[in-house]
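Protein chains in written order, with our numbering: chain A, 1 to 95; chain B, 1 to 637.
Structure follows, in C-alpha cells:
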C-alpha cells in the first residue's frame with residue numbers, strides 16, 4: 001500500500017461528456033460520480049478511497065478532473081468508454 | 001505602485017481614473033501565491049460593495065475580507081483528500097505584489113529602503129479583488145490552476161490576471177489556454193505574463209490569441225548608484241541598486257577584485273563558497289551561472305567583501321535591475337563591466353567606490369524593453385504576433401507581506417521586476433476599460449489596448465531594448481500600453497469565441513483536441529478552416545517561405561466605436577522586401593458599431609529574406625482627424 005501510495009502522481013484527465021445526459025444541468029455530485037466511474041477498479045469498493053483520489057473536479061473549464069493515479073492505473077483508464085486523454089500535472093513557475 | 005500610474009497618465013481627480021471611477025464595480029481575479037489580507041493596500045476605503053452577481057467567497061476571517069478583497073480561496077493541496085483547508089495566506093510575497101499592482105488602494109508614504117517614495121496605488125484602485133492561491137514554494141501546479149480558473153469563471157470575475165506560465169505548448173495541452181478559453185466564453189478578460197526567458201526569440205509563455213500576452217519594460221524612474229574606479233572622478237559607470245545604505249562611506253576608495261580570479265575556486269558568478277581573500281574589498285561579480293543576484297551578494301558578504309559591483313552578461317546588455325542586496329552594491333551594464341575588468345587587469349592595486357544617487361526620475365529612453373522579457377515569434381501559433389503589448393515590469397514597488405527593509409510600518413512594500421509585474425498593470429488597465437465599456441468583449445478591449453499603444457519612448461524615438469538599439473516587434477508587440485488612448489480607440493478588431501474555431505482547425509488540431517479547448521463539438525471537415533493570420537486580430541504575423549511567389553490575402557473587420565460619422569484613411573509602413581496592398585483605402589462609417597471589412601494582400605519581393613535580414617516589420621494604420629488605429633506587421637522570411 002505504501003509502495004502504491006508513493007507511486008501516485010496527480011494526472012489531469014479529460015473525458016467526454018456522457019452521451020445520455022447533460023451533466024452541466026446536473027449537480028456537482030452527479031458530475032463527480034461520472035468522474036469517479038473512471039477511477040481504477042481497485043478503489044471501487046471504497047467510496048472514501050475513490051473520493052480521496054480526485055483532487056479537483058472541473059465543471060466550467062472542461063469535462064475532466066485531476067486525480068492521484070499510478071501510471072498503470074492511467075493505462076487501465078485509457079480503455080474505458082468516454083476517456084479522452086490524461087497527462088501528469090505540470091508545475092509552472094512564477095514570472 | 002508609486003510611479004507607474006503617473007508614468008501611464010493615470011491621475012487622481014481627472015482623466016481616465018475619474019472617467020472610470022477608478023475601476024469601480026469590476027472584479028479582478030488573480031491566480032498567485034495568496035495575499036496578505038489586512039495590508040493597507042487592500043483597504044476598502046472608497047470601494048462600494050461587490051455587484052450582486054458575485055458568487056465567490058472570501059475564506060479569510062470576516063475582519064480581513066472587505067469590499068476590496070471579496071474573494072479568497074486556496075487551491076494548493078486543496079484536493080478532496082485533504083482536510084486541512086486553509087485561507088490563501090501569502091507566504092511568498094508575489095501574490096500580494098501582483099494583486100496590489102492591479103487593484104491596490106491608495107497608501108501614502110510608501111517606500112522601500114527609503115527609495116521610490118510616494119503614494120502606492122494599483123491601476124484600478126476601486127476595483128474588487130479575488131485571490132485564488134495556486135502557487136506555493138515549489139511553483140504552481142497546473143491542476144490547481146485549472147481548478148482555480150474553474151472557480152473564477154463560476155464566481156463571476158471580470159478580469160483574470162496570471163503572472164505565471166511555462167513553456168510553449170499546443171493550446172489543447174496548455175491548461176492556461178484551455179481555462180482562458182472558458183473565461184473568454186463568459187466575457188472575462190484574460191491577462192498573462194509573456195515570460196522571463198528573453199532576450200532569445202521563441203521564448204514566450206501564454207501565447208493563445210484569446211489571451212493578452214504581456215512583456216515587460218522600464219519606467220523613467222531609476223534607483224541610481226554608480227561604480228567609480230580608480231582615482232579619476234570621470235571614470236564612473238551608472239548602475240542600479242535598491243538598498244542604498246546611508247552609513248556606507250562612498251568617499252573612500254576600496255580595493256577592487258574580480259571574482260573570476262580570486263578565491264580557492266574562482267567563480268565569476270560568485271557561487272556560494274567560491275570566494276576567498278576579498279575581506280574589505282569591492283568584488284566584481286557577473287550575472288548568471290545559475291546563481292541569483294541576491295545570492296551573489298550574500299557570497300561576497302560571507303567572504304568578508306565590503307561591496308559588490310554586479311556586471312551583466314553580454315546578452316543582457318544595458319538591462320540592469322535594482323535589487324535588495326545584503327551589502328552595498330551596484331548593477332552595471334555588460335559594457336561597463338568590460339571596462340571595469342580591463343581596468344582591474346591594467347593595474348596592480350585596483351580600487352573602486354560605490355556612490356548612491358537615490359531615486360531619479362527622468363530617463364528619456366523609457367520605456368525600454370527589459371532583457372528578461374520573453375520574445376516572439378510564437379512557437380504554438382507563429383501566425384499570431386506575440387507578445388501583444390509591453391508594460392511596466394522593472395523595479396516596481398508594490399505591497400509585500402513583510403518588511404524587507406526592517407521598517408516598523410504596517411504598510412510594507414517591495415520592489416521587484418518581471419513580466420509578473422507588467423501583467424497586473426495590464427489587468428488593472430483592462431478593468432478600467434471594462435468599467436468604461438461594460439459591453440465590450442475581451443477581444444475588443446484587447447484590440448483597444450493594442451491599436452493605441454505607444455511605439456516611441458519619452459524622447460520621441462523608437463522604443464529600445466537591452467542593447468539600446470530599436471527593439472524589434474517580437475520584443476514590443478504592438479508597443480507600450482497607453483491607457484487613456486485605449487479607452488477611446490476609434491475602431492476595434494473584435495473576435496467572438498466561435499471565431500476561433502476555424503482558426504483552430506487551421507492549426508490542424510484534431511476535432512477532439514479542439515473540443516478540449518472550446519468545450520463544444522467541432523467537426524473541422526464541416527468548418528471552413530482559416531490560416532492563423534486570417535483571424536481578426538489587431539496585428540499581423542506573416543511567414544514567407546523561401547522562393548514563395550504567391551501573394552497572401554487576408555481580411556480584417558473593424559467596428560466603429562467612435563463618433564457615428566467617421567472617415568479613416570490608410571497609412572502603411574510596408575515591411576522591407578515586401579509588397580502590400582489594401583482595399584478599400586478609405587473607411588467611411590455612418591453609424592456607431594457599424595462594421596466594415598477590408599482586404600490586405602502581402603507579396604514578397606524578389607530576393608526577400610536572402611539579404612541577411614530574417615525578419616522585417618511595418619504597420620497598417622487607419623487614421624482620422626481624431627484617431628490612429630495601428631496594427632503592427634511582422635514578417636519572418
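Note that CB positions come from ideal geometry on N, CA and C, so glycine has one too. All values reported here derive from a predicted model rather than from experimental measurement.
Could you name the residues of the same chain whose beta carbon sits closer than 7 Å to that of residue i, not counting the 5 residues immediately before and after it, in chain order?
{"i": "residue 527 of chain B", "result": "501, 502, 505"}
{"i": "residue 126 of chain B", "result": "21, 22, 23, 24, 46, 47"}
{"i": "residue 547 of chain B", "result": "none"}
{"i": "residue 576 of chain B", "result": "613, 616"}
{"i": "residue 84 of chain B", "result": "Note that residue 84 of chain B has pLDDT 48, beneath the 50 cutoff, so the model's placement of it is unreliable and the number below is only indicative. Excluding positions up to five away in sequence, the list is empty."}
{"i": "residue 57 of chain B", "result": "71, 73"}
In the DSSP assignment, the beta strand (DSSP E) including residue i goes from what residue to what residue?
{"i": "residue 580 of chain B", "result": "578 to 583"}
{"i": "residue 111 of chain B", "result": "107 to 112"}
{"i": "residue 255 of chain B", "result": "254 to 258"}
{"i": "residue 512 of chain B", "result": "Not the beta strand (DSSP E): residue 512 of chain B falls in the alpha helix (DSSP H), residues 511 to 518."}
{"i": "residue 566 of chain B", "result": "566 to 573"}
{"i": "residue 77 of chain A", "result": "Note, residue 77 of chain A: premise wrong, no beta strand (DSSP E); alpha helix (DSSP H) at 71 to 77."}
{"i": "residue 115 of chain B", "result": "115 to 120"}
Please work out which residues of its chain come closer than 6 Å, Cβ to Cβ, to residue i, disregarding the five sequence neighbours upstream and downstream, and give them in chain order.
{"i": "residue 146 of chain B", "result": "175, 179"}
{"i": "residue 600 of chain B", "result": "554, 582"}
{"i": "residue 142 of chain B", "result": "175"}
{"i": "residue 401 of chain B", "result": "36, 90, 93, 96"}
{"i": "residue 386 of chain B", "result": "204, 207, 213, 376, 378"}
{"i": "residue 218 of chain B", "result": "366, 367, 368, 394"}
{"i": "residue 446 of chain B", "result": "212"}
{"i": "residue 277 of chain B", "result": "262"}
Using only the alpha-carbon positions, how far apart do residue i and residue j sit?
{"i": "residue 372 of chain B", "j": "residue 473 of chain B", "result": "15 Å"}
{"i": "residue 633 of chain B", "j": "residue 542 of chain B", "result": "8 Å"}
{"i": "residue 187 of chain B", "j": "residue 157 of chain B", "result": "9 Å"}
{"i": "residue 71 of chain A", "j": "residue 512 of chain B", "result": "23 Å"}
{"i": "residue 620 of chain B", "j": "residue 302 of chain B", "result": "56 Å"}
{"i": "residue 480 of chain B", "j": "residue 333 of chain B", "result": "23 Å"}
{"i": "residue 560 of chain B", "j": "residue 630 of chain B", "result": "14 Å"}
{"i": "residue 76 of chain B", "j": "residue 56 of chain A", "result": "11 Å"}
{"i": "residue 54 of chain A", "j": "residue 181 of chain B", "result": "24 Å"}
{"i": "residue 226 of chain B", "j": "residue 353 of chain B", "result": "8 Å"}
{"i": "residue 149 of chain B", "j": "residue 183 of chain B", "result": "8 Å"}
{"i": "residue 468 of chain B", "j": "residue 459 of chain B", "result": "13 Å"}
{"i": "residue 462 of chain B", "j": "residue 424 of chain B", "result": "25 Å"}
{"i": "residue 455 of chain B", "j": "residue 478 of chain B", "result": "7 Å"}
{"i": "residue 433 of chain B", "j": "residue 340 of chain B", "result": "48 Å"}
{"i": "residue 288 of chain B", "j": "residue 269 of chain B", "result": "6 Å"}
{"i": "residue 193 of chain B", "j": "residue 348 of chain B", "result": "47 Å"}
{"i": "residue 41 of chain A", "j": "residue 81 of chain A", "result": "14 Å"}
{"i": "residue 87 of chain A", "j": "residue 495 of chain B", "result": "31 Å"}
Could you tell me if residue i is buried or exposed, where buried requires 16 or more neighbouring beta carbons within 10 angstroms of its beta carbon?
{"i": "residue 497 of chain B", "result": "buried"}
{"i": "residue 196 of chain B", "result": "buried"}
{"i": "residue 359 of chain B", "result": "buried"}
{"i": "residue 451 of chain B", "result": "buried"}
{"i": "residue 299 of chain B", "result": "buried"}
{"i": "residue 592 of chain B", "result": "exposed"}
{"i": "residue 8 of chain B", "result": "buried"}
{"i": "residue 155 of chain B", "result": "buried"}
{"i": "residue 307 of chain B", "result": "buried"}
{"i": "residue 346 of chain B", "result": "exposed"}
{"i": "residue 272 of chain B", "result": "exposed"}
{"i": "residue 588 of chain B", "result": "exposed"}
Would you check whether the ligand GTP has a heavy atom nearer than 8 Å to the C-beta of residue i?
{"i": "residue 433 of chain B", "result": "Only the bare structure without any ligand can be found here, which leaves the ligand GTP out of the picture."}
What span of residues does the alpha helix (DSSP H) with residue i cover, start to end?
{"i": "residue 18 of chain B", "result": "15 to 19"}
{"i": "residue 293 of chain B", "result": "293 to 302"}
{"i": "residue 474 of chain B", "result": "473 to 476"}
{"i": "residue 504 of chain B", "result": "500 to 506"}
{"i": "residue 22 of chain B", "result": "It is not in any alpha helix (DSSP H) - residue 22 of chain B carries neither H nor E in the DSSP assignment."}
{"i": "residue 33 of chain A", "result": "28 to 36"}
Spatial neighbours of residue i within its chain, please: C-beta separation below 8 Å, excluding the five flanking residues on both sides.
{"i": "residue 68 of chain B", "result": "42, 43, 44, 47, 103, 105, 128, 129"}
{"i": "residue 66 of chain B", "result": "42, 43, 44, 47"}
{"i": "residue 252 of chain B", "result": "353"}
Step through the CB atoms of chain C and report whether any lies within less than 9 Å of the CB of residue i.
{"i": "residue 89 of chain A", "result": "No chain C is part of this structure, whose protein chains are labelled A and B."}
Secondary structure, alpha helix (DSSP H): runs of 4+ residues fully inside the segment 418 to 448 of chain B: 419 to 436
Inside the segment 345 to 372 of chain B only - beta strand (DSSP E) runs reaching at least 3 residues: 351 to 361
Alpha helix (DSSP H) segments (min. 4 residues) lying fully within the segment 142 to 219 of chain B: 142 to 155, 175 to 185
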